[in-house]
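According to the working numbering, the sequence shown is numbered sequentially starting from 12. C-beta: ideal position from N, C-alpha, C; glycine also. Notes to accompany the following structure.
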Amino acid sequence: MTGRKDWDTYFMDIAYMASTRSQCSRRHVGAVLVQGKKLLGTAYNGAPMGVPDCSEEGCMLVEEYELHVADGKEEMIRKQRCIRTIHAEQNLLLFTDREDREGSSVYVTDQPCWTCSNMLANSGVREIVFHRPYPKDSEKVSALMAARGIAFRQIQGYEPPEGTDHRIVN
Ligand SMILES: [Zn+2]
Ligand SMILES: [Zn+2]
Numbered sequence: 012m013t014g015r016k017d018w019d020t021y022f023m024d025i026a027y028m029a030s031t032r033s034q035c036s037r038r039h040v041g042a043v044l045v046q047g048k049k050l051l052g053t054a055y056n057g058a059p060m061g062v063p064d065c066s067e068e069g070c071m072l073v074e075e076y077e078l079h080v081a082d083g084k085e086e087m088i089r090k091q092r093c094i095r096t097i098h099a100e101q102n103l104l105l106f107t108d109r110e111d112r113e114g115s116s117v118y119v120t121d122q123p124c125w126t127c128s129n130m131l132a133n134s135g136v137r138e139i140v141f142h143r144p145y146p147k148d149s150e151k152v153s154a155l156m157a158a159r160g161i162a163f164r165q166i167q168g169y170e171p172p173e174g175t176d177h178r179i180v181n
């Protein structure tokens with residue numbers, strides 16, 4: 012018999028289960044809102060209701076350049092990103108109440124991007140726990156959370172549940 016799951020594992024597992032609802036082939040992201048030990052909402056990345064999603068119409072790709080610094084050398088790397096979906100964290104904010112969010116925690120499968128972090132920073136949430144890293148925005152997001160006094164941490168020693176998509180796509 013295995014031990015009972017700790018709360019971090021329990022809520023991150025639920026975030027991963029929510030992520031399986033995503034229809035974007037590039038990235039499956041799930042997020043949950045927790046107040047104390049109570050689950051107040053779940054969300055995943057997806058197109059707005061009533062419009063075709065990535066599985067029906069394909070991803071809506073944009074190209075952008077990212078600056079990478081390695082061994083003191085700067086390099087521009089071209090990347091593609093799907094902009095069809097509303098990010099899981101943004102859907103979570105759209106479908107929860109401000110009062111419920113005050114002092115709450117968000118568990119999210121992926122480290123939030125800059126835009127989501129900016130919104131979360133103004134949402135009443137006091138803690139954000141993520142699993143997969145997203146290095147692109149990591150530095151500025153960490154600085155933002157520190158400035159807002161929001162606990163921001165990566166779950167350690169965690170294995171996502173069987174049957175969820177846990178590829179790392181950057
Ligand atoms: Zn997509
Ligand atoms: Zn985002």
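Secondary structure of residue i, DSSP reduced to three states
i, result
"Thr126", "helix"
"Met23", "helix"
"Arg38", "coil"
"Cys65", "helix"
"Ala132", "helix"
"Lys16", "coil"
"Ser33", "coil"
"Glu74", "strand"
Contacts around residue i, its chain only, beta-carbon distance under 7 Å, and the 5 residues preceding and following it disregarded
i, result
"Ser33", "His39, Val40, Tyr55, Asn56, Gly57"
"Ser187", "In the structure displayed, the chain extends from 12 to 181; residue 187 sits before or after that span and is not available."
Buried versus exposed, by CB contacts within 10 Å (16 or more), residue i
i, result
"Arg112", "buried"
"Phe106", "exposed"
"Ser115", "buried"
"Arg80", "It should be pointed out that residue 80 corresponds to Val in this sequence rather than to Arg. Answer is exposed; the Cβ neighbour count stays below 16."
"Leu44", "buried"
Cβ-based neighbour list, residue i, same chain, cut-off 8 Å, excluding 5 preceding and 5 following
i, result
"Asn102", "Ala42, Ala54, Tyr55, Asn56, Gly57"
"Gln165", "Gln122, Val140, Phe141, His142, Pro144"
"Met23", "Tyr118, Thr120, Val140, His142, Ile166, Tyr169, Pro171"
Residues of its chain near residue i, where Cβ-Cβ distance is below 6 Å and the 5 sequence neighbours each way are ignored
i, result
"Gln176", "Residue identity check: residue 176 is Asp in the sequence provided, not Gln. Closer than 6 Å at the Cβ level, and outside the excluded window around Asp176, lie His39."
> Looking at C-beta atoms only, is the number of pairs between the stretch 56–74 and the stretch 13–28 that lie closer than 8 Å three or more?
Replying inline: no
>> Check whether the stretch 115–130 and the stretch 77–88 are in contact - that is, three or more C-beta pairs closer than 8 Å.
In response: no
>> Tell me which residues pass a beta-carbon proximity test against ligand 2: closer than 7 Å to any heavy atom, given in chain order.
In response: His98, Glu100, Gln101, Pro123, Cys124, Thr126, Cys127
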